[in-house]
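Residues in the sequence shown are numbered consecutively from 956, following our numbering.
Where is the CB? At the ideal position from N, CA and C, for every residue including glycine.
It should be emphasised that the depicted structure is a prediction, and the values quoted were computed from it without experimental measurement.
Read the structure below first, then the notes.
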Amino acid sequence: MSVFTLSALDVPGLMLVQQDCYSEELVESAAVMAERILAFSQTCWGYFVEQQMAGYLLAYPSVLGSITPLAAAFPLYQNANCLYLHDMAISSDFRGQSLAPKLLKHATAEAEKMGLQVLALVAVQGAEDYWAKQGFVKEMNITKEQQAILETYLPQIACYMTKVLRSEPKL
956 MSVFTLSALD VPGLMLVQQD CYSEELVESA AVMAERILAF SQTCWGYFVE
1006 QQMAGYLLAY PSVLGSITPL AAAFPLYQNA NCLYLHDMAI SSDFRGQSLA
1056 PKLLKHATAE AEKMGLQVLA LVAVQGAEDY WAKQGFVKEM NITKEQQAIL
1106 ETYLPQIACY MTKVLRSEPK L
């Protein structure tokens, strides 16, 4: 069981996990997922158990406060200051094995290697409490533009959250 960087070849397995985890309205197309992985392969990870995708996390370097609309391409920022965790899902066959915390720990370590001190995400399907337990805080002061983007995720259940990472001094 290990975390690996994803490639376009992993999209079919990713789609099975996504469809298992999300309501139909939140499922993004295979083409969009492949585009994201090709553009940001260094921050798109899968957790595999005996060559089966058990879960995944798609992320990209972003700008704090920037929210990616559902089914949109990940933008490329020259002035990135956070790692945006767009989509993390664990197959129902593998829940209860602490895979989500392992993917989050991996993403945190990678963000710190990139010099990014904040993680950001949109919590959907009632996951706000889960993310709060992981140290994320709901951002209350969002702009009208950000709110409009959140509405692409089903507004009654989506919220923008952030987590400031602790920076360890380098010796």
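Given 8 Å as the limit, is there contact between the segment 1056-1066 and the segment 1002-1014, that is, 3 or more CB pairs closer than that? By the Cβ criterion, the segment 1056-1066 is in contact with the segment 1002-1014, since at least three pairs of Cβ atoms, one from each stretch, lie closer than 8 Å.
The beta strand (DSSP E) enclosing V1004, as first and last residue numbers: V1004 -> beta strand (DSSP E) spans 999-1004.
Contact belief for F1049 with A1009 at Cβ below 8 Å, rounded distance in angstroms: Rounded to the nearest angstrom, the Cβ distance from F1049 to A1009 is 4 Å, consistent with a contact under 8 Å.
Counting pairs of Cβ atoms below 8 Å between the segment 1100-1113 and the segment 1073-1082, do you hit three or more? By the criterion of at least three beta-carbon pairs nearer than 8 Å, the segment 1100-1113 is in contact with the segment 1073-1082.
Round the Cβ separation of L1054 and I1045 to the nearest angstrom and send it over; I've been treating them as touching at under 8 Å. Under the criterion of beta carbons closer than 8 Å, L1054 and I1045 qualify as touching, at roughly 5 Å.
Expressed to the nearest angstrom, what Euclidean distance is found between the alpha-carbon atoms of L969 and S1047? Their Cα atoms are separated by approximately 13 Å.
Same chain, Cβ closer than 8 Å to V1018, neighbours up to 5 away in sequence not counted: Excluding positions up to five away in sequence, the list reads Y1032, N1034, A1035, N1036, C1037.
Drop a sphere of 10 angstroms on the beta-carbon of R991, count the other beta-carbons inside from all chains shown, and report buried for 16 or more, exposed for fewer. Result: buried.
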